[in-house]
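S.K.: The listed protein sequences derive, respectively, from chains A and B.
Residues 15 to 515 in the working numbering are what the first sequence lists, from first letter to last.
Residues 1129 to 1473 in the working numbering are what the second sequence lists, from first letter to last.
Quick reminder that beta carbons are idealized off the backbone N, C-alpha and C, glycines included.
Here the structure is a predicted model, which is why all the values come from computation and not from measurement.
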Amino acid sequence: MSDSRRPLLELQDITKSFGGVTALRGVDFTVRPGEIHGLVGENGAGKSTLMKIIAGVHTGFSGRFLLDGREVHFRSVRDARAAGIAMVHQELSVAPDLTVAENVFLGNQPTNALGVVQWRRMAREAAEQLKNLGIDADPMSRLGDLPIGLQQLIEIARVLFSGARIIILDEPTSALSPPEVERLFSTLRKLRDQGTGIIFISHFIEDILLISDEVTVFRNGRKIMETRAAETSKAALIEAMIGKGRDALEDSYTHDITLPAPPLDKPVVVEADGLSLARNLKRVSFAVRAGEVLGIYGFMGCGQLELARILFGKLAPDTGELRVAGERNRFKSTADARRAGIAFVPESRRDMLFLQEPVYKNVSISILDRINAVLLKPARERALAKRQVEQLQIRPADVEIDLGLLSGGNQQKVALAKWLSHPPRLLVLCEPTRGMDVGAKSDVIGIVRKLRDQGIAVIVLSTEPETVLSLADRVIVLKRGEVVREFAGEAISKDRLLEAA
Amino acid sequence: MAHGETVPMPEAPPRRAGGIGPLLRSQMRNIAPFLTLIFLTAFFALASPSFATLDNVGNILTQVSVTGIIAVGLTFVILCAEIDLSIAAIANVTGIAVAFFTMQDSYVNIANLPMPGFAAILLALALCALLGAVNAFGLTVIGIPSFIMTLAMMQIAAGISAMLVRGQIAYKVPPIITTLGSSSIAGIPWIVIVAALMLLLGHLVLTYTRFGRYVYMVGGNREAAEYSGLNVKLILGSVMVISAVCSGIGGMLGVAHFGSAQQNEFDTYLLDSIAAVVVGGTSLFGGRGGIGNTIVGLFVLGVLNNGLDHVNIDSFLKILIRGLILLAALVINVYAQRLRAKAAD
Chain A
15 MSDSRRPLLE
25 LQDITKSFGG
35 VTALRGVDFT
45 VRPGEIHGLV
55 GENGAGKSTL
65 MKIIAGVHTG
75 FSGRFLLDGR
85 EVHFRSVRDA
95 RAAGIAMVHQ
105 ELSVAPDLTV
115 AENVFLGNQP
125 TNALGVVQWR
135 RMAREAAEQL
145 KNLGIDADPM
155 SRLGDLPIGL
165 QQLIEIARVL
175 FSGARIIILD
185 EPTSALSPPE
195 VERLFSTLRK
205 LRDQGTGIIF
215 ISHFIEDILL
225 ISDEVTVFRN
235 GRKIMETRAA
245 ETSKAALIEA
255 MIGKGRDALE
265 DSYTHDITLP
275 APPLDKPVVV
285 EADGLSLARN
295 LKRVSFAVRA
305 GEVLGIYGFM
315 GCGQLELARI
325 LFGKLAPDTG
335 ELRVAGERNR
345 FKSTADARRA
355 GIAFVPESRR
365 DMLFLQEPVY
375 KNVSISILDR
385 INAVLLKPAR
395 ERALAKRQVE
405 QLQIRPADVE
415 IDLGLLSGGN
425 QQKVALAKWL
435 SHPPRLLVLC
445 EPTRGMDVGA
455 KSDVIGIVRK
465 LRDQGIAVIV
475 LSTEPETVLS
485 LADRVIVLKR
495 GEVVREFAGE
505 AISKDRLLEA
515 A
Chain B
1129 MAHGETVPMP
1139 EAPPRRAGGI
1149 GPLLRSQMRN
1159 IAPFLTLIFL
1169 TAFFALASPS
1179 FATLDNVGNI
1189 LTQVSVTGII
1199 AVGLTFVILC
1209 AEIDLSIAAI
1219 ANVTGIAVAF
1229 FTMQDSYVNI
1239 ANLPMPGFAA
1249 ILLALALCAL
1259 LGAVNAFGLT
1269 VIGIPSFIMT
1279 LAMMQIAAGI
1289 SAMLVRGQIA
1299 YKVPPIITTL
1309 GSSSIAGIPW
1319 IVIVAALMLL
1329 LGHLVLTYTR
1339 FGRYVYMVGG
1349 NREAAEYSGL
1359 NVKLILGSVM
1369 VISAVCSGIG
1379 GMLGVAHFGS
1389 AQQNEFDTYL
1399 LDSIAAVVVG
1409 GTSLFGGRGG
1419 IGNTIVGLFV
1429 LGVLNNGLDH
1439 VNIDSFLKIL
1449 IRGLILLAAL
1459 VINVYAQRLR
1469 AKAAD
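(1) With a threshold of 6 Å on Cβ separation, who are the neighbours of Arg260 (chain A) within its own chain once the five nearest residues in sequence on each side are excluded?
(2) Is Ser1356 (chain B) close to chain A, meaning its C-beta is less than 9 Å from at least one C-beta of that chain?
(3) Find the residues of chain A that neighbour Thr1410 (chain B), judging by a C-beta separation of less than 9 Å, and give them in chain order.
(4) Among B:Ala1384, B:Asn1220, B:Ser1310, B:Ala1254, whose alpha-carbon lies nearest the alpha-carbon of Met1291 (chain B)?
(5) Report yes or no: is there a C-beta of chain B within less than 9 Å of the C-beta of Ser31 (chain A)?
(6) At which residue ranges does the region 411 to 450 of chain A contain complete beta strand (DSSP E) runs of 3 or more residues, listed in the order of the chain?
(7) Find the nearest neighbour of Leu443 (chain A) within the set B:Gly1378, B:Ser1356, B:Ile1460, judged by alpha-carbon distance.
(8) Kindly indicate which three-state DSSP category Gly55 (chain A) falls into: helix, strand or coil?
(9) From Ala1180 (chain B) to His1438 (chain B), what distance separates their C-alpha atoms?
(10) Could you check whether Asn1349 (chain B) and Arg1157 (chain B) sit closer than 9 Å to each other, using their CB atoms as the reference points?
(11) How is Gln165 (chain A) classed by DSSP in three states: helix, strand or coil?
(12) Cβ closer than 8 Å: which chain A residues qualify as neighbours of Met1345 (chain B)?
(13) Does Arg260 (chain A) have its Cβ less than 9 Å from a Cβ in chain B?
(14) Applying the 10 Å Cβ sphere with the 16-neighbour rule, what's the burial state of Arg172 (chain A)?
(15) Roughly how many angstroms separate the alpha carbons of Ala505 (chain A) and Gly60 (chain A), rounded to a whole number?
(16) From the beta carbon of Arg353 (chain A), is the nearest beta carbon of chain B less than 9 Å away?
(17) Could you name the residues of chain A that Arg1466 (chain B) contacts, counting a contact when the two beta carbons are closer than 8 Å?
(18) Determine whether the Cβ of Ser347 (chain A) lies closer than 9 Å to any Cβ atom of chain E.
(19) Taking three-plus beta-carbon pairs below 8 Å as touching, is the region 1389 to 1400 of chain B in contact with the region 1192 to 1200 of chain B?
(20) Please confirm if Leu516 (chain A) has its CB atom under 9 Å from at least one CB of chain B.
(21) Please list, in chain order, the chain B residues whose beta carbon lies closer than 7 Å to that of Val388 (chain A).
(22) Check the Cβ-Cβ distances between Glu49 (chain A) and every residue of chain B, and say whether any is below 9 Å.
(23) Excluding the five sequence neighbours on either side, which residues of its own chain have a C-beta within less than 6 Å of the C-beta of Met1231 (chain B), listed in chain order?
(24) Which complete alpha helix (DSSP H) runs does the region 1391 to 1423 of chain B hold, if anything under 4 residues is left out?
(25) Please state if the CB of Glu105 (chain A) and the CB of Met136 (chain A) are separated by a distance shorter than 9 Å.
(26) Compare the C-beta of Lys432 (chain A) against all C-beta atoms of chain B and say whether one is closer than 9 Å.
(27) Could you tell me the alpha carbon to alpha carbon distance between Phe1162 (chain B) and Ala1209 (chain B), rounded to whole angstroms?
(28) Phe119 (chain A) by DSSP, collapsed to three states: which one?
(29) If you draw a straight line from the alpha carbon of Leu25 (chain A) to that of Thr210 (chain A), how long is it in whole angstroms?
(30) Considering only C-alpha positions, which residue in the set B:Asn1359, B:Gly1435, B:Asn1433 is nearest to Ala349 (chain A)?
(31) So is Lys518 (chain A) buried or exposed if we call it buried at 16+ other beta carbons inside 10 Å?
(32) So what does DSSP say about Glu335 (chain A), is it helix, strand or coil?
(33) Listed in chain order, which residues of the region 1428 to 1446 of chain B have Cβ atoms closer than 8 Å to some Cβ of chain A?
(34) Helix, strand or coil for Arg293 (chain A)? Go by DSSP, reduced to three states.
(35) Applying a beta-carbon distance threshold of less than 8 Å, which residues of chain A neighbour Asn1237 (chain B)?
(36) Arg394 (chain A) to Val1322 (chain B), Cα distance in whole Å?
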């Protein structure tokens, strides 16, 4: 039925490259009025690139971009907005210090003839609009005081009520609770029935199937499949996403990997018991034993980042406790966690390295108090750093140069090297191989395996299934802050992992 | 103060920064203040015959001593990318406190609490350490930005000073303070020796101790320091206390040097101390610089202040000239940071 209507938006044969990397190859994409179009694909499949082209963020590409049947050339986000295209980005972009009403009207507050903001009118209209979305928030309260999920709904509300004809939602549900998701969906359906075209991107396949009329699957910059949502299934979509079958690109990941039996004879190094944190984590419990790599997998916003920071004493849980070697621990600082034998590598290298300091100072910083009490011993520092640089094959093998001169992969090795000259009890790694080339990746995997074999407990947190599958001996899956599945001593594969999340 | 976003590193084959160009650029923060110092010295030596004399060198050294003692602690603070605006007020209140606990002559109309000299000194030191600890508490535990926290402390310390002296002037301080502040040994003023020793001590701590390394690392990348398992709050708190204690010592010796303890006596030292550290080339963004830079900065300011008195210039114009020199130093400071970030790219 929708096919009879003229497309609102039509992209034909879109190709986009960044430097030498082709992000999109000859993609066709159509949105009709009154349609919710679901979009799925792995990280890097090209979804975001396509959306950024539609929203006017990326302006250089080849192919035709038609709006209401006429070709358009956006020069900026402003042009796209003027044409009635609005996007809710994955990261919150609200102004936490402004009121709820100001955020709803950000950039177009109602004013009188003199240009003075009409506060009362703004508050009243904001409250009405939010009520339509089922949001019960005082329009004059400070946005930053509200829970994250509510903030996200208000950001979505801003876009939904901006009068846009085409709305792009990138992972809008990752921080929302089930009733909030339901409210969002009913609003989206209302807008759809009024003729708005909606593009809905999500990793949550159930959500996609529930809300979409049409679903498109992307893989490696290509459109793989387009189908009616009613005519497909979760399994079929996952298969299309990861390319099971003949055209499998990385077939090791689609075949089953059999996880080893947990080393029950080894002591438990760290045990989490009912960790909860605001809306991010709900009673998360797990234990990790010496000589074991525990993978924690989940989509962006599932609570991994917070969990990792609790393990390293950067965040304190609201309830629940952490036991290190059987002893209850409440870390007051990251220094406490370090002294308890926990090592941490965050997802962003820049957050843990000193790019303007020489390599040896980067390697020694976490163990300085073991090298010396008061006075520095630079000769010992250098010797230690040299040994690490040789063992991890960091290139160039020079401990005096500034770290910023090393490549990304080598910087990541230095981030590991920091913790290795005095091995920790537990090593917490966030996204250890993200953005690395194949060689550096396999080096890092080798290092982690070796550490495990030396009896160190390792926790790997990642949003990339490949990372978890290539490293972990046991996997738990986090979904919206809860442990929903554990894989231990059984067969595991990428589609099963995605299915569980 | 926030860290500037660093430029993303290309995955190009790593190379060594070589050649004289990159070296000069990366060393700009050390070279520029030194050239300024040489230029100013040469200028005043040519402009005035009375400038380049041994006596005058002694004058300059004495004139920068109190600033130098205060600037030692401030260097630690600025290396951590924080600021301390309460240094002059803490110097003032500590100087007043040590006089308050000393027996004054009968004509001094202050309701003071005389006690033995060592006790007066210990109490005064305890006071400045306590005020520094309050700064540390506000900054690290409550989370007040140091700029605002120490602004409040500036008022608090001034208030305590006012309560202690109530508009009066005290003159007597314990004998050892009098000696260190106002007499000489073998022709060298004790206050210059004390300043030199404190600068040396500060340099040794920053360069050769674990704590000093932590100060640089926290200033270089606070997030990374925390993820490396350093107790960032403890380090930040410590530098605030160090800054207050250095200010206190400067204040006590300053009172002996001036011969009196009164309200608002140290007001000009706030700007002078900050200027000395920054003009010397210590980065306002933290992590770069050190006591060596502070020493050069002290001399730049000392030569400038002293030299302007030797040449025939409208005394009102002097203030403007000082302001312009400070501005130039700030421009170099910020540029040096950018050049270095580029050199690392």
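M.R.: Considering the structure as presented:
(1) Caution is warranted here: a pLDDT of 39 is assigned to Arg260 (chain A), below 50, making its placement in the model unreliable, and the coordinate value is therefore given only provisionally. Once the five neighbours on either side are set aside, Arg260 (chain A) has no close Cβ partner at all.
(2) yes
(3) Near Thr1410 (chain B) there are no residues of chain A at all, since even the closest Cβ is about 14 Å away, more than 9 Å.
(4) B:Asn1220
(5) no
(6) 440 to 444
(7) B:Ser1356
(8) coil
(9) 10 Å
(10) no
(11) helix
(12) Phe368, Glu371, Lys375, Ile379
(13) Any reading at Arg260 (chain A) needs caution, since the residue's pLDDT is 39, under 50, leaving its predicted position unreliable; the model's value is listed next. Not an interface residue.
(14) buried
(15) 30 Å
(16) yes
(17) Simply none; closest approach about 12 Å.
(18) Of the protein chains in the structure, A and B, none is chain E.
(19) yes
(20) Past the boundaries of the shown model lies residue 516 (chain A); chain A is included only from 15 to 515, so the question cannot be answered.
(21) Thr1337, Arg1338
(22) no
(23) Pro1242
(24) 1395 to 1407
(25) no
(26) yes
(27) 23 Å
(28) coil
(29) 17 Å
(30) B:Asn1359
(31) The requested residue 518 (chain A) does not occur in the structure, where chain A is confined to residues 15 to 515.
(32) strand
(33) none
(34) coil
(35) Going along chain A, no residue has its Cβ under 8 Å from Asn1237 (chain B), so there is no contact; the nearest lies around 48 Å.
(36) 34 Å
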